[in-house]
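Numbering (my numbering), first residue to last: 1377 to 1989.
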């Protein structure tokens, strides 16, 4: 016992020969139990180590006995461990492992942006899924041209919120009007910031709201947008969409896209050519050039559309084709001779999309289209003469504010005269914030009726009837919506349906036209004709990421470092990224265990040194 007077420990043999008992631990024993005999502590100890008696085993003996003990190995369920490492908890917020559903509305430029965002996210490790309900996050890439497109966009946001999905918004709607009530509290990525989609998605998954809406500039000059060499997942591995510029030089009174895309900003020719080369190396056999106005290309950087096209045709392999996008009449007028030569090139589709919008000069003036009907006719007539068989597609708006019945009839006559094989008829919708929205509107019923009347005129003629019996060479690039045919296009970018023979996909095939419809022809492959394979590489698999360049790897590596993400390398696809994360967790686990082991070993060594000394 502890002698409070002397402050020494004593050994009480009568109570417990191997235990130290403090006086305050002694308690009265119940009367019905046998009382322990009283005892006094006879021997005083100067040191606690003197408690060890001669009969007790010495440290050396205990150490020797320990060597004879065979430890029982605890088996580890390796398969279960790896499965747990591969499948983080359902409530995990580790970025780079979630499933993402991407929905895009609108033009080919917007579709290209959607492909770029999908590619970056997949390269980072996210899984791009086609099942919306299975996704953790919805990336909604919007179009602001017409009210119905924005209505679909708004409804998708509401549905995502009802299903408790994380949401990131992109495209022209949030870029043009980010302060709308239904966008509050949601993450937004601007049309020129798509190269930072990984950051926005990452922060959104963590529960933050992020908005990147700025413009890219170099020494104060606006750039075309995100780099062209970013990874992408093409919806169709055979078709590459290249945006040659963003924005335009016009100020149309009905256009909301201008508010989102801004003024003209063109990409340098060498960057566009490099992108085309890379696409062909990845098995692409058809390139679409797109922008808000391809005809205005280069005016901001001292070059022109023909200069770009001549450089591009030099790198198009035999058997591949180039399709030119929409151009407004004012800018193509300056290059008619050169454009006719380019459209006659065997590797360029004889196709051009030139919107007229109205055949009334009064209406065109109210729209601020900067051309008259005579300018449009001059362009079309010249190209039809110099490029025999060329397909001219155009757009028309029905019911623009102030449009009279006489104005509309002039538009009807234009369609009857030229019988456009491809005609996009749009009922006018006033877009918020545009000058046209403040003008006196044409009654809704009148707009609807004019749209029906013009559609009736368009369906009154069949543009391909005279081609039945022709033998054409077509490039097969996709499957029809009903999955019954493959879709091909001839020299004039006219749609030709061919039998579903897997050997045809991505190839040039010679067919005999045996049937025609309003929007298509049907062709039977010539029996003795050879299927021509373009001189390009094998195309990527559907969903495979393209363009994982070293520069992108470096940029993404820097992002990982700056955000302290537990990963140190680029991954090709979600499976490899998860493997990297798993290996890093294993390394961290091993390092932790090694540190603990070394600490315990050091303590044991110190204990034995003290014992033996």
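Note that the Cβ used here is the ideal one computed from N, Cα and C, for glycine as well.
Could you pull the start and end residues of the beta strand (DSSP E) that residue i belongs to?
i            : result
residue 1494 : From DSSP, residue 1494 is part of no beta strand (DSSP E) but of the alpha helix (DSSP H) over 1484 to 1500.
residue 1771 : 1767 to 1774
residue 1799 : 1798 to 1803
residue 1503 : 1503 to 1505
residue 1475 : 1475 to 1480
residue 1729 : 1727 to 1729
residue 1699 : 1697 to 1699
If you measure between the beta carbons of residue i and residue j, is that distance less than 8 Å?
i            : j            : result
residue 1648 : residue 1684 : yes
residue 1675 : residue 1640 : yes
residue 1570 : residue 1489 : yes
residue 1581 : residue 1542 : yes
residue 1771 : residue 1803 : no
residue 1727 : residue 1767 : yes
residue 1555 : residue 1516 : no
residue 1561 : residue 1551 : no
residue 1642 : residue 1600 : yes
residue 1371 : residue 1701 : Residue 1371 lies beyond the range of the chain shown here (1377 to 1989); nothing can be said about it.
residue 1645 : residue 1687 : yes
residue 1607 : residue 1924 : yes
residue 1689 : residue 1723 : yes
residue 1630 : residue 1715 : no
residue 1553 : residue 1568 : no
residue 1505 : residue 1477 : yes
residue 1725 : residue 1759 : no
Quick check on residue i: does DSSP put it in helix, strand or coil?
i            : result
residue 1550 : helix
residue 1951 : The predicted model places residue 1951 with a pLDDT of 40, which falls under 50 and marks its position as unreliable; any figure quoted below should be read in that light. Three-state result, residue 1951: helix.
residue 1516 : strand
residue 1380 : Confidence at residue 1380 is low in this model, with a pLDDT of 44, below 50, so its placement is unreliable and no value can be given for it.
residue 1597 : strand
residue 1830 : helix
residue 1569 : coil
residue 1641 : strand
residue 1976 : helix
residue 1663 : strand
residue 1941 : Interpretation of residue 1941 is limited by its pLDDT of 42, a score under 50 that renders its predicted location unreliable; no figure is taken from the coordinates.
residue 1470 : coil
residue 1750 : helix
residue 1584 : coil
residue 1711 : helix
residue 1981 : helix
residue 1563 : strand
residue 1604 : coil
residue 1325 : This structure does not reach residue 1325, given that the chain is present from 1377 up to 1989, and the question cannot be answered.
residue 1545 : strand
residue 1724 : strand
residue 1589 : coil
residue 1537 : helix
residue 1556 : coil
residue 1733 : strand
For my contact list, residue i and residue j are in at a C-beta cut-off of 8 Å; report their separation, rounded to the angstrom.
i            : j            : result
residue 1658 : residue 1922 : 5 Å
residue 1472 : residue 1502 : 6 Å
residue 1843 : residue 1889 : 5 Å
residue 1739 : residue 1783 : 5 Å
residue 1909 : residue 1883 : 6 Å
residue 1577 : residue 1544 : 6 Å
residue 1632 : residue 1807 : 4 Å
residue 1897 : residue 1870 : 7 Å
residue 1848 : residue 1818 : Actually they are not in contact, since the Cβ atoms of residue 1848 and residue 1818 sit about 43 Å apart, beyond 8 Å.
Would you give the residue range spanned by the alpha helix (DSSP H) that residue i belongs to?
i            : result
residue 1740 : 1737 to 1743
residue 1790 : 1781 to 1794
(message) Please give the ranges of any beta strand (DSSP E) in the stretch 1609 to 1636, keeping only runs that are unbroken, at least 3 residues long and fully inside the region.
(response) 1615 to 1619
(message) If we require 4 or more residues per run, which alpha helix (DSSP H) segments fall completely within the stretch 1841 to 1925?
(response) Restricting attention to alpha helix (DSSP H) runs no shorter than 4 residues, the stretch 1841 to 1925 encloses none.
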